[in-house]
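Asker:
Chains as they are written, first to last, in the working numbering: chain S, 1 to 250; chain L, 251 to 388.
(1) Is there a Cβ of chain S sitting closer than 9 angstroms to that of residue 349/L, yes or no?
(2) Would you decide whether residue 203/S is buried or exposed? Buried here means 16 or more other CB atoms lie within 10 Å of its CB.
(3) For residue 303/L and chain S, any beta-carbon pair shorter than 9 angstroms?
(4) What is the DSSP secondary structure of residue 273/L, reduced to helix, strand or coil?
(5) What would DSSP say about residue 51/S, mapped onto helix, strand or coil?
(6) So, for residue 358/L: in the same chain, excluding its five sequence neighbours on each side, which residues have a beta-carbon less than 6 angstroms away from its beta-carbon?
(7) Which full runs of the beta strand (DSSP E) of 3+ residues lie inside the segment 102-162 of chain S, going along the chain?
(8) Per DSSP, which residues does residue 354/L bridge with? Please list them.
(9) Determine the burial state of residue 46/S: buried for a count of at least 16 other Cβ atoms within 10 Å of its Cβ, exposed for fewer.
(10) Kindly indicate which residue of 119/S, 132/S, 162/S and 233/S has the alpha-carbon position closest to the one of residue 219/S.
(11) Listed in chain order, which residues of the segment 72-84 of chain S have Cβ atoms closer than 9 angstroms to some Cβ of chain L?
(12) With distances taken from CA atoms, which of 234/S, 229/S and 142/S is nearest residue 58/S?
(13) If you drop the 5 nearest sequence neighbours on each side, which residues of the same chain put their C-beta closer than 6 angstroms to that of residue 327/L?
(14) Based on the DSSP secondary-structure assignment, which residues constitute the bridge partners of residue 37/S?
(15) Could you give the residue range of the beta strand (DSSP E) that holds residue 334/L?
(16) Which residues, in order along the segment 371-382 of chain L, keep a beta-carbon less than 9 angstroms from a beta-carbon of chain A?
(17) Go ahead and label residue 188/S buried or exposed: buried means 16 or more other beta carbons lie within 10 angstroms of its beta carbon, across all protein chains shown.
(18) Applying a beta-carbon distance threshold of less than 8 angstroms, which residues of chain S neighbour residue 293/L?
(19) Write down the C-beta distance between residue 171/S and residue 69/S rounded to the nearest angstrom, noting that I regard them as a contact closer than 8 angstroms.
(20) Any idea if residue 127/S is buried or exposed, counting beta-carbon neighbours within 10 angstroms, 16 or more meaning buried?
(21) Mark residue 242/S as exposed unless 16 or more other C-beta atoms lie within 10 angstroms of its C-beta, in which case mark it buried.
(22) Give me, in chain order, the residues of the same chain whose beta-carbon lies closer than 6 angstroms to that of residue 9/S; leave out the 5 immediate sequence neighbours on both sides.
(23) Exposed or buried, which one is residue 56/S when buried takes at least 16 other CB atoms within 10 Å?
(24) Within 9 angstroms of any Cβ in chain S, is that where the Cβ of residue 361/L sits?
(25) Please look up how many angstroms separate the CB atoms of residue 346/L and residue 356/L, rounded, as I've assumed it's under 8 angstroms.
(26) Checking contacts by CB at 9 angstroms: is residue 35/S closer than that to chain L?
(27) Please determine, among 1/S, 5/S, 17/S and 105/S, the residue with the shortest C-alpha to C-alpha distance to residue 166/S.
(28) Mind listing the chain L neighbours of residue 154/S? Cutoff is C-beta to C-beta under 7 angstroms, in chain order.
(29) State buried or exposed for residue 192/S, treating a residue as buried only when at least 16 other CB atoms are found within 10 Å of its CB.
(30) List the residues of chain L whose Cβ lies closer than 9 angstroms to the Cβ of residue 252/S, in chain order.
(31) Tell me whether residue 220/S sits in a helix, a strand or coil according to DSSP, three-state version.
(32) Show which residues of chain S have a CB atom less than 8 angstroms away from the CB atom of residue 318/L.
(33) Leaving out the 5 sequence neighbours to the left and right, which residues in its chain are closer than 8 angstroms to residue 196/S when beta-carbon positions are compared?
(34) Who pairs with residue 14/S in a beta bridge, going by DSSP?
(35) Looking only at its own chain, which residues have a Cβ that is under 7 angstroms from the Cβ of residue 236/S, when we skip the five neighbours before and after it?
(36) Got a sec: is the Cβ-Cβ distance from residue 334/L to anything in chain S below 9 angstroms?
Next comes the structure, spelled out in structure tokens:
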């Protein structure tokens with residue numbers, strides 16, 4: 001990632017490391033505002049990504065970094081020899097659970113349904129892993145612990161009964177939300193908020209505005225597919241700029 | 251203030267701005283690297299608050315905040331020392347402060363290494379980081 005950035009800088013990219021707070025996509029040059037500073041560009045590529053969904057519990061925020069995590073690759077290392085819960089039933093939950101068995105003694109997958117949403121091959125791998133067990137029809141009502149995670153309080157969705165599962169870590173893998181709030185009034189987005197792009201293209205509903213990566217992709221969501229669509233967006237933006245040049249130069 | 255869009259780079263081959271590289275996760279002019287053996291003396295000998303970034307090579311969000319920390323370090327170097335500690339190579343300090351998630355940023359006041367003055371967990375944007383570090387960079 002560092003090398004990509006260095007290469008972009010070498011080719012003349014200027015970096016503004018800040019959060020954009022407003023955009024104007026009515027017509028080119030498109031406007032982006034950052035803390036009151038206005039930037040204008042003849043083309044715009046949106047690559048704001050997606051954010052991991054949280055459970056929305058006060059205890060989850062309080063214990064984030066003290067046993068609650070949203071990134072197994074980042075934090076699995078710290079849970080060697082411990083018992084863990086993974087919340088979720090999709091591919092990423094199953095992938096995280098499988099990855100975490102490298103460190104943890106036992107991983108319990110907590111899922112609100114009675115079967116996995118993950119692909120068959122991923123699910124079968126998890127079923128066959130002796131370190132993974134399952135709590136079906138269960139949701140996390142609370143994360144228990146003072147200063148560090150001690151348990152998750154589960155509620156059975158069929159019986160409404162509560163029970164505590166003793167764990168030292170909780171990994172939340174219940175999906176992602178696209179970071180598209182800034183653009184929703186000005187670009188076509190689907191029901192889940194993902195920016196709609198053209199077939200085999202990164203073009204959006206506004207000519208000259210392109211979207212790449214997880215903000216427009218809820219299917220693949222891999223670093224390499226995001227990077228690939230970023231490359232597509234760069235090429236399409238370049239074509240767009242070249243086509244605008246005769247008029248822009250007048 | 252209005253900033254014009256940068257002109258399309260004249261040279262498609264680039265390579266003409268070698269001095270303008272953005273520093274990566276490694277250590278730079280403004281950031282020092284700490285180890286299990288240098289951590290205590292650095293914190294206790296500091297004359298300003300020290301922000302320690304607990305990171306690892308395999309952590310994507312750590313790499314995302316690296317350039318942000320670099321900017322904060324170069325802009326606030328007089329008030330706040332920024333340091334990095336690789337948790338892979340230096341597990342003792344990470345364990346001592348119960349770091350269980352990276353990136354974790356711990357801020358220590360001068361001489362107070364027993365307990366951090368602030369703990370920030372996870373990747374955040376520059377504006378949010380500066381807001382949460384306001385008392386140390388004001």
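All residues carry an ideal CB built from backbone N, CA and C; glycine is no exception.
Answerer: For this structure:
(1) Within the second chain, residue 349/L is the residue found at index 99, counting from 1. Interface residue, yes.
(2) In the first chain, the residue the question calls residue 203/S occupies position 203. Looking at its Cβ environment, which holds 16 or more other Cβ atoms inside 10 Å, residue 203/S is buried.
(3) Within the second chain, residue 303/L is the residue found at index 53, counting from 1. No, residue 303/L does not count as interfacial toward chain S.
(4) Here the question's residue 273/L lines up with position 23 in the second chain. Low confidence applies here, because residue 273/L scores a pLDDT of 34, under 50, leaving its location unreliable; read the following figure in that light. Of the three classes helix, strand and coil, the one that applies to residue 273/L here is coil, per DSSP.
(5) The residue you call residue 51/S lines up with position 51 of the first chain. Note: residue 51/S maps to strand in three-state DSSP.
(6) On the second chain, residue 358/L is found 108 positions in, with the first residue counted as 1. Same-chain partners within the cutoff: 293, 300 and 366.
(7) 106-110, 132-135, 138-144 and 151-156
(8) Locating residue 354/L in the second chain gives position 104, where the first residue counts as 1. In DSSP, residue 354/L forms a bridge with 304/L and 371/L.
(9) Within the first chain, residue 46/S is the residue found at index 46, counting from 1. Counting Cβ neighbours within 10 Å, residue 46/S comes out buried, since at least 16 surround it.
(10) Looking up residue 219/S in the first chain gives position 219. Comparing Cα positions, the closest option is 119/S.
(11) 73, 74, 75, 77, 78 and 79
(12) As a working mapping, residue 58/S is identified with position 58 in the first chain. Ranking 234/S, 229/S and 142/S by Cα distance to residue 58/S puts 142/S first.
(13) Sequence index remark: in the second chain, residue 327/L carries index 77 (1-based). Cβ within range, chain order: 280.
(14) Here residue 37/S corresponds to residue number 37 of the first chain, with the count starting at 1. Residue 37/S is bridged to 34/S.
(15) The sequence position of residue 334/L within the second chain is 84, counting from 1. Note, residue 334/L: beta strand (DSSP E), 331-336.
(16) Within the model displayed, chain A is absent; protein chains S and L are what it includes.
(17) Sequence index remark: in the first chain, residue 188/S carries index 188 (1-based). With fewer than 16 Cβ atoms within 10 Å of its Cβ, residue 188/S is classed as exposed.
(18) Along the second chain, read from residue 1 onward, the residue named residue 293/L stands at position 43. Here the premise fails: no neighbours, minimum Cβ distance about 20 angstroms.
(19) Here the question's residue 171/S lines up with position 171 in the first chain. Here the question's residue 69/S lines up with position 69 in the first chain. Their Cβ separation, rounded to whole angstroms, is 5 angstroms, which keeps residue 171/S and residue 69/S in contact under 8 angstroms.
(20) Taking the first residue of the first chain as position 1, residue 127/S is located at position 127. Exposed: under 16 other Cβ atoms inside 10 Å.
(21) Stepping through the first chain from its first residue, residue 242/S is reached at position 242. Exposed: under 16 other Cβ atoms inside 10 Å.
(22) In the first chain, the residue the question calls residue 9/S occupies position 9. Here the set comprises nothing.
(23) Mapped onto the first chain, residue 56/S falls at position 56. With fewer than 16 Cβ atoms within 10 Å of its Cβ, residue 56/S is classed as exposed.
(24) Locating residue 361/L in the second chain gives position 111, counting from the first residue. No, residue 361/L lies away from the interface with chain S (no Cβ there is under 9 angstroms from its Cβ).
(25) Here residue 346/L corresponds to residue number 96 of the second chain, with the count starting at 1. Here residue 356/L corresponds to residue number 106 of the second chain, with the count starting at 1. That belief does not hold up - the Cβ atoms of residue 346/L and residue 356/L are roughly 11 angstroms apart, past 8 angstroms.
(26) Position 35 of the first chain, counted from the start, is the residue given in the question as residue 35/S. By this cut-off, residue 35/S is an interface position.
(27) Here residue 166/S refers to the residue found at position 166 when the first chain is read from its first residue. Checked all of 1/S, 5/S, 17/S and 105/S; the closest Cα to residue 166/S is 105/S.
(28) As a working mapping, residue 154/S is identified with position 154 in the first chain. Result: empty, since nearest Cβ-Cβ is about 22 angstroms, beyond 7 angstroms.
(29) To locate residue 192/S, count along the first chain from 1; it is residue 192. Classification for residue 192/S: exposed.
(30) Outside the shown range of chain S (1 to 250) lies residue 252/S, about which nothing can therefore be said.
(31) Within the first chain, numbered from 1, the residue matching residue 220/S stands at position 220. Residue 220/S: coil per DSSP, three-state reduction.
(32) By 1-based counting over the second chain, the position of residue 318/L is 68. Residues of chain S passing the Cβ test: 17.
(33) Reading the first chain from its first residue, position 196 is the one you call residue 196/S. Closer than 8 angstroms at the Cβ level, and outside the excluded window around residue 196/S, lie 187, 188, 189, 190, 204, 205 and 216.
(34) Counting from 1 along the first chain, the entry for residue 14/S is found at position 14. Answer by DSSP bridge pairing: none, since residue 14/S is not bridged.
(35) Taking the first chain and counting its residues from 1, one reaches residue 236/S at position 236. Cβ neighbours of residue 236/S beyond the five flanking positions: 201, 202, 203 and 210.
(36) Residue mapping note: residue 334/L aligns to position 84 of the second chain, counting from 1. By this cut-off, residue 334/L is not an interface position.
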